[in-house]
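First comes the structure, then the notes that go with it.
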Amino acid sequence: MLKEVLSEIKPTKKEEADFKRVTTSFLKKLNAKLKDAKAIIGGSGAKGTWLKGAHDVDIFVVFNYKKFSTKSSELSDILDPVMKKCFPKHKRVHGSRDYFQITYQNFDFEVVPILNISKAEQAKNITDISPLHVKWVKKQKRNDDMRLAKHFARAIGVYGAESYISGFSGYVLEILIGYYGSFEKFLKAASSWESGLIIDVENYYKKKKVMLELNQSKLQSPITVIDPVDKSRNAAAALSAEKFTFLRTAANEFVKNPRKEIFTKERISFKELKKLNTNIVYLEIQPLSGKRDVVGSKLLKAFEFMKKELNEFGLLDSGWEFDGKALVYFSLQRKLLEPSFVREGPPTKLDHATQNFKRKNKDTFVKGKRIYANIQRKHVELKKAVIALVKEKYVTERVKKIKITLL
């Protein structure tokens, strides 16, 4: 069954040939204009762990350490004029060190300036370490297992360390495959993971030593995965408890009952939502322009805000996905609300809090030992509430456009 899945996610020979042809052409064009640096391929393309259909390529422009280590903050400015000559339509993106985005022969390239280092301690920026990651992953020779792990994580919605996902980065999954030895062994172990687990594949520490030597801010994630090329870094620091639990549950389900279907991502389906016997708010959102992580974070905040505001209509379920555009849905019990509701205030013995509650609410009354207020709702109909909600400043500042469908 895993062989069948792999055949569906592994790039075809034609895809690999196209990838090689386009990246070789890109590198040749860029390197012809570089004087004190060299452009190389990085990321999953260099590791050989990319998935079928992927058209994203990481390129690192490597600068000599001795010559440029004191100019780390200037590397993007040094590279900028070269990028303008080679690729006039490039876009410069702000980051911990600015990088460049270019679409070239139907592939999306990100060009990142870095220093040529041989050990993590030399890094002036986290991106400097990236080629060391490539080197370590290639040594593991577990490309197909790593592909399966990435595809599995994507299917269950835990792939990506971006702040709006807080899941497993591709590199963390590669480390875990290297540690456990295969995809199946990884899932078997993950099915019984406990929070607080420390994975130190290169045996840099003993368990207690990790807790003492690493900054506590780096140990807040459910599991700690020591970066095999940088012992001071927890590669899984971005992982949330929610996504940790998702993976453990899915792994447990797969170990007990291996099914191909678990590798298929469940997408929000308008057709399926129509079958539910509830009130559905379905939103098609055009996101703002910008870095995917920043845009995704804004979308998540808008989603959480709307979810909270619609809760009084009896929220049964909700969900969102972001892949170019964003789809959001809310499943609700009610279409209509009472014109007013009672808001509970503090105990009357708390004089300052009580006076403050009175200032914020006009129609107050005391019952027992607590103060309350009668609140008139602005909107009692779901349709009007949703129309008003998407016009709220908190929402409009975080999205470009929203199309509303009510079922």
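So the sequence shown is numbered by our numbering: it starts at 10 and just counts up by one.
We put the beta carbon where it would ideally sit given N, CA and C, even for glycine.
*Count the CB pairs spanning the segment 95-110 and the segment 44-60 that are closer than 8 Å, and state whether there are at least three.*
no
*Would you give the residue range spanned by the beta strand (DSSP E) that alanine 382 belongs to?*
Against the sequence shown, residue 382 aligns to sequence position 373. Unbroken beta strand (DSSP E) run through alanine 382: 379-385.
*What residues are listed by DSSP as bridge partners for threonine 373?*
Working through the sequence shown from its first residue, we reach residue 373 at position 364. Its beta-bridge partners are Ala382.
*asked:* Do proline 20 and lysine 61 have their beta-carbon atoms positioned less than 7 Å apart in this structure?
replied: Numbered from 1 along the sequence shown, position 52 holds the residue referred to as residue 61. Numbered from 1 along the sequence shown, position 11 holds the residue referred to as residue 20. Yes; because the gap between Cβ atoms is below 7 Å, this pair is in contact.
*Which residue or residues does DSSP assign as beta-bridge partners of tyrosine 168?*
In the sequence shown, counting from the first residue as 1, residue 168 sits at position 159. According to DSSP, tyrosine 168 bridges with Phe177.
_Continuous alpha helix (DSSP H) assignments of at least 4 residues falling wholly in the segment 302-372_ = 360-369
*Pair within 7 Å by beta-carbon distance, isoleucine 207 and phenylalanine 195*: In the sequence shown, the residue the question calls residue 207 occupies position 198. In the sequence shown, the residue the question calls residue 195 occupies position 186. No, these two residues do not count as a Cβ contact at 7 Å.
*Work out the CA separation of phenylalanine 322 and arginine 352 for me, nearest whole Å.*
By one-based count along the sequence shown, residue 352 stands at place 343. By one-based count along the sequence shown, residue 322 stands at place 313. The alpha-carbon atoms of arginine 352 and phenylalanine 322 are separated by roughly 16 Å.
_Environment of proline 348 [buried if 16+ CB atoms lie within 10 Å]_ = Position 339 of the sequence shown, counted from the start, is the residue given in the question as residue 348. So proline 348 counts as exposed.
*Might you give, ordered along the chain, the residues of its own chain that have their beta carbon closer than 6 Å to the beta carbon of lysine 307, omitting 5 neighbours on each side?*
Locating residue 307 in the sequence shown gives position 298, where the first residue counts as 1. The residues are Arg407.
*Mind pulling the alpha helix (DSSP H) runs of 4 or more residues that sit fully within the segment 259-297?*
279-284
*Tell whether a beta-carbon distance below 7 Å holds between asparagine 288 and lysine 344.*
Position 279 of the sequence shown holds residue 288. Position 335 of the sequence shown holds residue 344. Cβ atoms of asparagine 288 and lysine 344: closer than 7 Å.
*Of all the beta strand (DSSP E) runs that stay within the bounds of the segment 44-71, which reach a length of 3 or more residues?*
Runs of the beta strand (DSSP E) spanning 3 or more residues and lying entirely within the segment 44-71 occur at 46-51, in chain order.
*Going by DSSP, what residues sit across from valine 219 in a beta bridge?*
For the purposes of this step, residue 219 is identified with residue 210 of the sequence shown, where counting begins at 1. The partner list for valine 219 (beta bridge, DSSP) is empty, contrary to what the question assumes.
*Look up tyrosine 108 in the DSSP assignment and give the residues it is bridged to.*
Here residue 108 refers to the residue found at position 99 of the sequence shown. Its beta-bridge partners are Val102.
*Okay, do the segment 388-399 and the segment 355-365 touch, 3+ Cβ pairs below 8 Å being the bar?*
no
*Cβ atoms of valine 290 and phenylalanine 339: under 7 Å apart, would you say?*
As a first step, residue 339 is located in the sequence shown; it is residue number 330 there, counting from the start. As a first step, residue 290 is located in the sequence shown; it is residue number 281 there, counting from the start. Yes.
*asked:* So, for aspartate 372: in the same chain, excluding its five sequence neighbours on each side, which residues have a beta-carbon less than 7 Å away from its beta-carbon?
replied: Translated into positions along the sequence shown, residue 372 becomes position 363. So the qualifying residues of the chain are Ala382, Asn383.
*From the DSSP output, which residues share a beta bridge with aspartate 236?*
For this step, residue 236 is matched to residue 227 along the sequence shown. Asp239, per the DSSP bridge assignment.
_Residue from Glu318, Ser78, Glu293, Glu17 with nearest C-alpha to threonine 414_ = Taking the sequence shown and counting its residues from 1, one reaches residue 414 at position 405. Ranking the options by Cα distance to threonine 414, first place goes to Glu293.
*Straight-line Cα distance separating alanine 311 from leucine 297*: Against the sequence shown, residue 297 aligns to sequence position 288. Against the sequence shown, residue 311 aligns to sequence position 302. One C-alpha to the other measures close to 12 Å.
*Proximal residues to arginine 101 (C-beta, below 6 Å), its chain only, five neighbours per side dropped*: Along the sequence shown, read from residue 1 onward, the residue named residue 101 stands at position 92. So the list reads Asp107, Phe109, once near-sequence residues are dropped.
*Reduced DSSP secondary structure (H/G/I, E/B, other) of tyrosine 213*: Residue numbering aside, residue 213 sits at position 204 when the sequence shown is read from its first letter. For tyrosine 213, the three-state secondary structure derived from DSSP is coil.
*Taking 7 Å as the CB-CB limit, is threonine 357 close to chain B?*
Within the model displayed, chain B is absent; a lone protein chain is all it includes.
*Any idea what DSSP makes of proline 140, helix, strand or coil?*
Taking the first residue of the sequence shown as position 1, residue 140 is located at position 131. It is helical.
_Quick check on threonine 112: buried or exposed, where buried means 16 or more other Cβ atoms within 10 Å of its Cβ?_
Taking the first residue of the sequence shown as position 1, residue 112 is located at position 103. Exposed: under 16 other Cβ atoms inside 10 Å.
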